[in-house]
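Undergrad: Can you read through this structure? Questions will come right after.
Number of protein chains: 2
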Amino acid sequence: MKGRILKCLRETDDYVSGQQLCQELKVSRTAVWKVMNQLKEEGYMIEAVKNRGYRLVRTPDLVTADELNSILKTSWAGKTVIYEEKLVSTNQTAKVLAEQGAGHGTLVVAERQTAGKGRRGREWHSPKGSGIWMSILLRPDIRPDKASMLTLVAAMAVYDAISSRIQGCSIKWPNDIIIDGRKVCGILTEMSSEPDHIHYVVIGIGINVNTEDFPEDIAGVAASMHTASGQYFKRSEMITDVLQTFEIYYDRFMETSDLSELMEEYNKRLINYGQRVYIEERGRKYDGIAEGIDREGCLLVRRDDGMVVQVISGEVSVRGVLGYV
Amino acid sequence: MKGRILKCLRETDDYVSGQQLCQELKVSRTAVWKVMNQLKEEGYMIEAVKNRGYRLVRTPDLVTADELNSILKTSWAGKTVIYEEKLVSTNQTAKVLAEQGAGHGTLVVAERQTAGKGRRGREWHSPKGSGIWMSILLRPDIRPDKASMLTLVAAMAVYDAISSRIQGCSIKWPNDIIIDGRKVCGILTEMSSEPDHIHYVVIGIGINVNTEDFPEDIAGVAASMHTASGQYFKRSEMITDVLQTFEIYYDRFMETSDLSELMEEYNKRLINYGQRVYIEERGRKYDGIAEGIDREGCLLVRRDDGMVVQVISGEVSVRGVLGYV
Chain A
26 MKGRILKCLR ETDDYVSGQQ LCQELKVSRT AVWKVMNQLK EEGYMIEAVK NRGYRLVRTP
86 DLVTADELNS ILKTSWAGKT VIYEEKLVST NQTAKVLAEQ GAGHGTLVVA ERQTAGKGRR
146 GREWHSPKGS GIWMSILLRP DIRPDKASML TLVAAMAVYD AISSRIQGCS IKWPNDIIID
206 GRKVCGILTE MSSEPDHIHY VVIGIGINVN TEDFPEDIAG VAASMHTASG QYFKRSEMIT
266 DVLQTFEIYY DRFMETSDLS ELMEEYNKRL INYGQRVYIE ERGRKYDGIA EGIDREGCLL
326 VRRDDGMVVQ VISGEVSVRG VLGYV
Chain B
26 MKGRILKCLR ETDDYVSGQQ LCQELKVSRT AVWKVMNQLK EEGYMIEAVK NRGYRLVRTP
86 DLVTADELNS ILKTSWAGKT VIYEEKLVST NQTAKVLAEQ GAGHGTLVVA ERQTAGKGRR
146 GREWHSPKGS GIWMSILLRP DIRPDKASML TLVAAMAVYD AISSRIQGCS IKWPNDIIID
206 GRKVCGILTE MSSEPDHIHY VVIGIGINVN TEDFPEDIAG VAASMHTASG QYFKRSEMIT
266 DVLQTFEIYY DRFMETSDLS ELMEEYNKRL INYGQRVYIE ERGRKYDGIA EGIDREGCLL
326 VRRDDGMVVQ VISGEVSVRG VLGYV
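From first to last, the protein sequence lines stand for chains A and B. Count the first sequence with the working numbering and you get residues 26 to 350, in order. Count the second sequence with the working numbering and you get residues 26 to 350, in order.
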């Protein structure tokens, strides 16, 4: 009920009368009054005026299920939100829920992760309150070898949410979002499958939103939307923006089961596009001009001898002339 | 200790003295005596003669960890055996153990499965006592799209174990073992992965060994080694044969990360080899002569117009002139 009351308050600029809330939600005045107090305790600033009702003045920076449910306008992404203040990692919880039958689009969000993970088990710094740590559960009916492309689809959605707020971010192929050469978002895709059938895919997304400083060991390579712009951002609004855009891109991806409908837009967001890149792949080194991704999500690199190499993501290092990017 | 005493008894045709067992295993006479009684209760027939010691006369048809440990001679496959009388499915348990960090080669065996699964969630009949229901946990350092080939590697190992005991079995591409057109073994490969990195692979193997009759709904398509030969077989010996052969084939597979070292031997076991096959794939139908698999495990089919089609496993139906095969 809390989410629905919050939604009513959000959808009106003016006051919402207590009576109206009681009628719409079929609850008592006392129940409404209790929820208002709970919301205030959580940090929502609600003005109550006699004979006029309640008005939402300010919202706190929360990523709870109620907060998200009150602003989500997607058709399937995040239709079920699982929020916990603390999780080992949102991907781990999403995988457990998936094994128990959780549906396509289920979203897992935590205020902090005690052991957030990046690719190949690397640590992902996930402190309380400053970032978005979430995982989306997907059940696409595509071949397992196509699933890696979903990482690029997610990167596009995150890029759009960040770049509508601040300038200067880019995608570094395949799925890092960077600002000034520093990573502001990481995406970890995990899958459970049979050889020709996907059980589920979990896309973990970590975004450094309001982080003010980073531990010494990653300070040189990590950025947040705040360190890059000096501003603070509502994380719940970021999350809903990412989900809304992801839903659109995902549906376009599923039309063809590849990136043919999205590669042009992806390439516009790609920092390496048209730039010289240095590739290192299992001891093999070469360089050339990045010509963007193909419909399978591989990076095409035209070497100086004219040959175009299709770089498959994985343990490959891609560096530009300016170092990291 | 039980497994080690069993191993000592097994490795000697003659009597093993109680004193010798005490010294080798560093335990008391009473402890040895207790284990002998336990083994007898489990169905092992052990002769005890004063001044000579113990002799193993007959072994029951068990697949317990002690039984398997006493005969396994592999270097890594089944080095850890997890046995339960009853499991929902051995794949499910293997996946849970894998998430908890269980090692490469861990074997999960059950006397019966309450909800054994085939591909895409289909039911697999797994009654008590008559079959082999087991899963092998693997942690190969290969790209996820290569993992499906492991199913074919496992099929070869099962084929070898069955065909060294009875005649008339074949592999039906990609991984069914059939006798007289009926399925005697099913293999379900499941994987947890990142796009470029495998967390683990679980290969579930179900073999109908001593099954005497099948439920009506599968009686027309299922066979057991017993229904095909009239004989009964020790399941523990079958399991160790499968693991020993699997280990060899697996290591050969890993040398190249594909089937180039194994495809010739696979094709010799393939019932469809050189035969006309009828393919139905997403509504598309064609036929031709099966020319065996390629190094990626795809079935090559030469159509009458000379074109060779590479058939990828999945929701594809392959039928021979005699119907099912």
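Glycine residues also receive a C-beta, built at the ideal position from the N, C-alpha and C atoms.
Measuring straight from C-alpha to C-alpha, what distance separates residue 174 of chain B and residue 213 of chain B?
TA: 12 Å
Undergrad: What residues of chain B sit near residue 214 of chain A, judged by a beta carbon separation below 7 Å?
TA: The answer, in chain order, is 219, 220.
Undergrad: Quick one, which residues of the segment 165-182 of chain A are near chain B if we go by CB-CB under 9 Å, in chain order?
TA: 168, 169, 170, 172, 173, 174, 175, 176
Undergrad: For residue 24 of chain A, which residues in chain B fall below 7 Å Cβ to Cβ?
TA: The first residue shown for chain A is 26 and the last is 350, placing residue 24 of chain A beyond what the model contains.
Undergrad: Quick test of the definition: if touching needs 3 or more C-beta pairs under 8 Å, does the segment 118-127 of chain A touch the segment 90-97 of chain A?
TA: No, the segment 118-127 of chain A is not in contact with the segment 90-97 of chain A.
Undergrad: If you measure from the beta carbon of residue 147 of chain A to each beta carbon in chain B, is any gap under 8 Å?
TA: no
Undergrad: Taking 8 Å as the threshold (beta carbon to beta carbon), is residue 144 of chain B in contact with chain A?
TA: yes
Undergrad: With a CB to CB cut of under 6 Å and the five nearest residues on each side skipped, what residues in its chain are close to residue 147 of chain A?
TA: Here residue 147 of chain A has no same chain residue with a Cβ atom under 6 Å from its own Cβ, once five neighbours each way along the sequence are excluded.
Undergrad: So, residue 97 of chain B versus residue 103 of chain B, is the Cβ gap smaller than 8 Å?
TA: Closer than 8 Å, so yes.
Undergrad: If I'm right that residue 156 of chain B touches residue 68 of chain B with Cβ under 8 Å, what's the distance once you round it to whole angstroms?
TA: Contact flag wrong, Cβ pair sits at about 18 Å.
Undergrad: Quick one: complete beta strand (DSSP E) runs, 3+ long, within the segment 251-313 of chain B?
TA: 301-306
Undergrad: Is the separation between the beta-carbon of residue 137 of chain B and that of residue 114 of chain B shorter than 8 Å?
TA: In terms of Cβ geometry, residue 137 of chain B and residue 114 of chain B do not form a close pair [threshold 8 Å].
Undergrad: Apart from the five residues on each side of it in sequence, which residues of its chain come closer than 6 Å, Cβ to Cβ, to residue 338 of chain A?
TA: 199
Undergrad: Residue 94 of chain B lies in the alpha helix (DSSP H); which residues open and close that run?
TA: 90-96
Undergrad: How is the alpha helix (DSSP H) around residue 58 of chain A delimited, first residue to last?
TA: Its alpha helix (DSSP H) spans residues 54-67.
Undergrad: To which residues of the same chain is residue 349 of chain B closer than 6 Å at the C-beta, ignoring the five residues directly before and after it?
TA: In this prediction, residue 349 of chain B scores a pLDDT of 47, lower than 50, which makes its location untrustworthy; the coordinate-derived value is nonetheless stated afterwards. The residues are 206.
Undergrad: Check whether the Cβ atoms of residue 179 of chain A and residue 271 of chain A sit closer than 8 Å, and answer yes or no.
TA: Yes, these two residues count as a Cβ contact at 8 Å.
Undergrad: Grouping DSSP H, G and I as helix and E and B as strand, with all else coil, what is residue 242 of chain B?
TA: helix
Undergrad: Considering only the alpha carbon of each residue, which of B/323, B/208, B/202, B/45 lies closest to residue 78 of chain B?
TA: Selected option, being the one with the closest Cα: B/45.
Undergrad: Helix or strand or just coil, what does DSSP make of residue 349 of chain A?
TA: For residue 349 of chain A, the predicted model reports a pLDDT of 47, less than 50, meaning its position is unreliable and no value from the coordinates is stated.
Undergrad: Have a look at B/281, B/255, B/224 and flag the residue whose alpha-carbon is nearest the alpha-carbon of residue 125 of chain B.
TA: B/224
Undergrad: Measuring alpha carbon to alpha carbon, tell me which of A/88, A/35, A/56 ends up nearest residue 263 of chain A.
TA: A/88
Undergrad: Buried or exposed, going by whether 16 or more other CB atoms sit within 10 Å of the CB of residue 351 of chain A?
TA: Outside the shown range of chain A (26 to 350) lies residue 351 of chain A, about which nothing can therefore be said.
Undergrad: Whole-angstrom Cβ separation of residue 60 of chain B and residue 32 of chain B, contact assumed at under 8 Å?
TA: No, residue 60 of chain B and residue 32 of chain B are not in contact; Cβ-Cβ is about 12 Å, not under 8 Å.
Undergrad: Put residue 171 of chain B into one of helix, strand or coil per three-state DSSP.
TA: Correct three-state label for residue 171 of chain B: helix.
Undergrad: With a 10 Å radius around its C-beta and 16 neighbouring C-beta atoms as the bar for buried, classify residue 30 of chain B as buried or exposed.
TA: buried
Undergrad: If we require 4 or more residues per run, which alpha helix (DSSP H) segments fall completely within the segment 101-165 of chain A?
TA: 115-124
Undergrad: Where do the ends of the beta strand (DSSP E) carrying residue 223 of chain A lie?
TA: 222-233
Undergrad: Please say whether residue 176 of chain A and residue 132 of chain A have beta carbons closer to each other than 8 Å?
TA: no
Undergrad: Quick one: is residue 48 of chain A buried, meaning 16 or more other Cβ sit within 10 Å of its Cβ, or exposed?
TA: exposed
Undergrad: Please list the terminal residues of the continuous alpha helix (DSSP H) segment that includes residue 215 of chain A.
TA: Element bounds for residue 215 of chain A: not the alpha helix (DSSP H) but the beta strand (DSSP E), 207-219.
Undergrad: Pairs of beta-carbons, one from the segment 283-298 of chain B and one from the segment 319-326 of chain B, closer than 8 Å: are there three or more?
TA: yes
Undergrad: What does the alpha-carbon distance come out to for the pair residue 75 of chain B and residue 227 of chain B?
TA: 48 Å
Undergrad: Is it right to say residue 302 of chain A is buried, meaning 16 or more other beta carbons lie within 10 angstroms of its own, or is it exposed?
TA: It is buried - the Cβ of residue 302 of chain A has at least 16 other Cβ atoms within 10 Å.
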